[in-house]
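Last residue of the sequence shown: 203 in the working numbering, with the numbers rising by one and none dropped.
Where a beta carbon is used, it is the ideal one built from N, C-alpha and C, also for glycine.
Note that the coordinates shown come from a computational prediction; the quantities given were computed from them, not determined experimentally.
This report concerns only the one structure given below.
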Amino acid sequence: MFLFENWEISEVLDDIVLGRGVKRSVHDLQFDQNIYTELFVERLQLYKYRPMPIKDIPIEVGKRVPAFLIDGKTAIFGYVFWEVFSDKRKRKLWGSVVRNEKGDWKYVLPGNSSRIVFVNLDQSEEVDLYYLS
């Protein structure tokens with residue numbers, strides 16, 4: 071029975087990683103008194119998400135890459151990108167897709183952070199510098 075249950079959990083975790091039928095946001099990795107952080111990391115790696123410090127993630131201005139922050143038994147989805155204030159002022163950051171009451175990123179990590187996120191560099195996409203979502 072455990073293998074079948076683990077297979078079902080893997081399918082659910084795959085849906086979270088891929089955003090397949092599930093909105094990627096903040097996800098509790100505990101279910102039925104079991105914590106599935108390790109299995110979630112395995113599923114991330116299966117889909118080319120690699121652990122990397124935010125400061126080492128290569129990203130061009132005008133692009134973003136998807137990245138999950140793992141905090142204990144919680145996975146938080148967001149993007150690594152450059153926030154541009156003017157031609158001379160910009161900052162690299164990881165920002166969650168979850169927003170606070172003001173509409174800003176609820177969870178933010180600076181671009182010089184050594185904090186590890188699981189990033190998929192193959193899924194780089196263009197962004198509107200003036201409307202970051």
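Within the DSSP bridge table, the entry for PRO128 names no partner.
For ARG120, DSSP records a beta bridge to VAL189. Separation of GLU153 and TYR106 (C-alpha to C-alpha, rounded to the nearest whole angstrom) is 33 Å. In this structure VAL189 is buried. Its beta-carbon is surrounded by 16 or more other beta-carbon atoms within 10 angstroms. Taking C-beta atoms as the reference points, VAL131 and TYR149 fail to come closer than 9 Å. PHE110 sits in a helix when the DSSP states are folded into three classes. For ASP141, the uninterrupted beta strand (DSSP E) segment begins and ends at 133-141. In this structure, DSSP gives SER80 a helical state, which the three-state scheme calls helix. Pairwise C-beta distances place the segment 103-119 in contact with the segment 77-89, as three or more of them are shorter than 8 Å. Here PHE151 is buried: its Cβ has 16 or more other Cβ atoms, across all protein chains shown, within 10 Å. In the three-state reduction of the DSSP assignment, LEU99 falls in the coil class. With fewer than three CB-CB distances shorter than 8 Å, the segment 172-182 does not count as touching the segment 191-200. Assigned with DSSP and collapsed to three states, VAL197 falls in coil, not helix or strand.
For GLU153, the beta-bridge partners assigned by DSSP are ARG161.
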